[in-house]
Amino acid sequence: MKTLRYILDLQLFASKKGVGSTKNGRDSRGRRLGAKKADGQFATAGSILYRQRGMRIYPGINAKRGSDDTIFALVDGVVKYERLGKSRKRVSVYPFK
Numbered sequence: 568m569k570t571l572r573y574i575l576d577l578q579l580f581a582s583k584k585g586v587g588s589t590k591n592g593r594d595s596r597g598r599r600l601g602a603k604k605a606d607g608q609f610a611t612a613g614s615i616l617y618r619q620r621g622m623r624i625y626p627g628i629n630a631k632r633g634s635d636d637t638i639f640a641l642v643d644g645v646v647k648y649e650r651l652g653k654s655r656k657r658v659s660v661y662p663f664k
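Throughout, our numbering is defined as the position within the sequence shown, counted from one, plus 567.
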């Protein structure tokens with residue numbers, strides 16, 4: 568009987584399993600999209616008016632769309648944001664007089 572007691576005499580210690588590393592926990596920086604010139608602001612030829620992904624805003628008078636959908640001014644002038652119908656907007660540049 569004495570030997571049986573010694574065999575079953577276990578002692579359990581508090582323990583914690585090792586924790587693996589995670590592959591999450593980082594994020595990319597913002598892309599700096601949106602209006603670069605406000606309504607009524609002066610813009611020089613070639614300056615960026617609006618940075619976007621897709622066609623949220625369309626180019627109007629004296630404005631053109633770049634390969635990455637950026638809208639830029641063709642002439643020096645005053646920026647004007649206008650509505651085209653109910654859902655579309657456009658940005659134009661009117662020459663400064």
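Even glycine gets a Cβ: it sits at the ideal position worked out from N, Cα and C.
- Approximately 6 Å separates the beta-carbon atoms of Ala640 and Ala612; this is inside 8 Å, confirming the contact.
- Under the three-state reduction of DSSP, Gly613 is assigned to coil, being neither helix nor strand.
- Taking every protein chain shown into account, the CB of Lys604 has 16 or more other CB atoms within 10 angstroms, so this residue is buried.
- Taking every protein chain shown into account, the CB of Val586 has fewer than 16 other CB atoms within 10 angstroms, so this residue is exposed.
- Taking a contact as a CB-CB distance under 8 Å, the pair Val642 and Pro662 counts as one, their CB atoms being some 6 Å apart.
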